[in-house]
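Student: After the structure tokens below, expect a handful of questions from me.
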Amino acid sequence: MGQKKLIKFAAIKEYENVLEYPQDMQGKWAAFFGALEKETTNIHTEHLTIHPITKPLVVELACGRGEYAVGLGRMFPEQNFIGIDIKGNRIWKGASIANKEGLKNIAFVRTQIDQVATYFGTNEVSEIWITFPDPQLRWSKAKKRLTHPKFLRLYQQFLKQADASNKTGIVHLKTDSPNLFLFTLKVIELYGLNLVYKTDDLYAEATIDPRCLIKTYYEGKDIAQSNKIHYIQFTLDKDLPLSLDEVLKEAIKDIPLDAGELLRMQSYEQE
Ligand SMILES: C[S@@+](CC[C@H](N)C(=O)[O-])C[C@H]1O[C@@H](n2cnc3c(N)ncnc32)[C@H](O)[C@@H]1O
57 MGQKKLIKFA
67 AIKEYENVLE
77 YPQDMQGKWA
87 AFFGALEKET
97 TNIHTEHLTI
107 HPITKPLVVE
117 LACGRGEYAV
127 GLGRMFPEQN
137 FIGIDIKGNR
147 IWKGASIANK
157 EGLKNIAFVR
167 TQIDQVATYF
177 GTNEVSEIWI
187 TFPDPQLRWS
197 KAKKRLTHPK
207 FLRLYQQFLK
217 QADASNKTGI
227 VHLKTDSPNL
237 FLFTLKVIEL
247 YGLNLVYKTD
257 DLYAEATIDP
267 RCLIKTYYEG
277 KDIAQSNKIH
287 YIQFTLDKDL
297 PLSLDEVLKE
307 AIKDIPLDAG
317 ELLRMQSYEQ
327 E
């Protein structure tokens, strides 16, 4: 491992706003952010107690450098934000910015997203953002896509029910991958989920949700080279029967795969 990465790994171990594989945090995020706000050093998560959520808690999955957690945290000081990623050197970036700017409503968890349901209690999370996740373009890897029903079933365990205002219970997907966009729409259709909003060309829309103007590192990479940013909002208010997973497996074989996108993605995977 390079020297720079080692320094970043060591730094996040000292940061109060980064938790690595934390244990027993379900229901305790209100208490955690309360402690972070008080500038407590050495927050002992094992001493935190379960508190009802007082501020909406928003989670960014596969956050990388955490541009959404930080950008949304600046925009909405009355909400709390958690970025989740496995790569500590990427999390370091967002966590360092939050520390430098004194943003006490932003934290990061270093872990595998497969474990995400173990970190939050029922209804603890208001919204989920997934920005430019690995599209996992090969059919054989479809189960690794973060909008595959396998993952959506995990999110259902902690995401609030949608409400009439369409401000709660929303999963946001922003991607440059036409394949992942079409895959996610197929999931929504097949499992009868509620599609709140979709666009296959976000920046061509007459009005753009200001939250969508936050740009991430991978958005800048333009790996899909589709010249379009796709964006979907949907809710998870239905059961997702396992029996449909086989139907999905067949249905997605019609979605065109861009060989160039596949090659470019592979070259970034090791970064
Ligand atoms: C293509 S990058 C996108 C990062 C960021 N959202 C952006 O737009 O710049 C995908 C991120 O997902 C993370 N990731 C992929 N699979 C993961 C998993 N199972 N658990 C945790 N993080 C994961 C990677 O570490 C990487 O930072």
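Each number in the numbering used here comes from the position in the sequence shown (counting from 1) with 56 added on.
Note that CB positions come from ideal geometry on N, CA and C, so glycine has one too.
1. Can Leu-117 and Pro-189 be called in contact, C-beta distance under 9 Å?
2. Per DSSP, Ala-163 forms a beta bridge with which residues?
3. Which residue wins for smallest C-alpha separation from Leu-296, given the options Leu-208, Pro-112, Thr-110, Phe-132?
4. Quick check: the stretch 164 to 177 against the stretch 64 to 82, are at least 3 beta-carbon pairs closer than 8 Å?
5. On the CB-based measure, 16 or more other CB atoms within 10 Å of its CB, does Tyr-287 come out buried or exposed?
6. Would the C-beta of Arg-194 count as close to ligand 1, meaning under 8 Å from any of its heavy atoms?
7. With a 10 Å radius around its C-beta and 16 neighbouring C-beta atoms as the bar for buried, classify Thr-240 as buried or exposed.
8. Tell me, which residues are paired with Val-303 by DSSP?
9. Helix, strand or coil for Ile-99, going by three-state DSSP, please let me know.
10. Could you check the C-alpha separation between Tyr-259 and His-100 for me, to the nearest Å?
11. So, Trp-148 versus Lys-254, is the Cβ gap smaller than 9 Å?
12. Closer than 7 Å by C-beta to Gln-59: which residues in its own chain qualify, once you throw out the five before and the five after it? Chain order, please.
13. Within the present structure, is the beta-carbon of Cys-268 separated from the nearest heavy atom of ligand 1 by less than 8 Å?
14. Say whether the stretch 88 to 108 touches the stretch 69 to 78, bearing in mind that this needs 3 or more beta-carbon pairs closer than 8 Å, one atom from each stretch.
15. Do Lys-111 and Asn-179 count as a contact pair if the criterion is CB distance below 9 Å?
16. Which residues share a DSSP beta bridge with Glu-116?
17. Taking Cβ to Cβ, would you say Gln-281 is nearer than 9 Å to Val-227?
18. Select from Asn-222, Cys-119, Leu-300, Leu-269 the residue whose C-alpha is nearest the C-alpha of Phe-164.
19. Are the stretch 212 to 231 and the stretch 304 to 311 touching by the rule of at least three beta carbon pairs closer than 8 Å?
20. Identify, in the order they occur along the chain, each residue of the same chain with its Cβ nearer than 7 Å to the Cβ of Leu-210, setting aside the five sequence neighbours on each side.
Tutor: If we stick to the structure as given:
1. yes
2. Ile-138
3. The shortest Cα separation from Leu-296 among Leu-208, Pro-112, Thr-110, Phe-132 belongs to Leu-208.
4. With three or more CB-CB distances shorter than 8 Å, the stretch 64 to 82 counts as touching the stretch 164 to 177.
5. buried
6. no
7. buried
8. According to DSSP, Val-303 bridges with nothing at all.
9. coil
10. 43 Å
11. no
12. Correct list: empty, nothing qualifies.
13. no
14. yes
15. no
16. Gly-139, Trp-185
17. no
18. Cys-119
19. No, they do not touch.
20. Val-172, Ala-173
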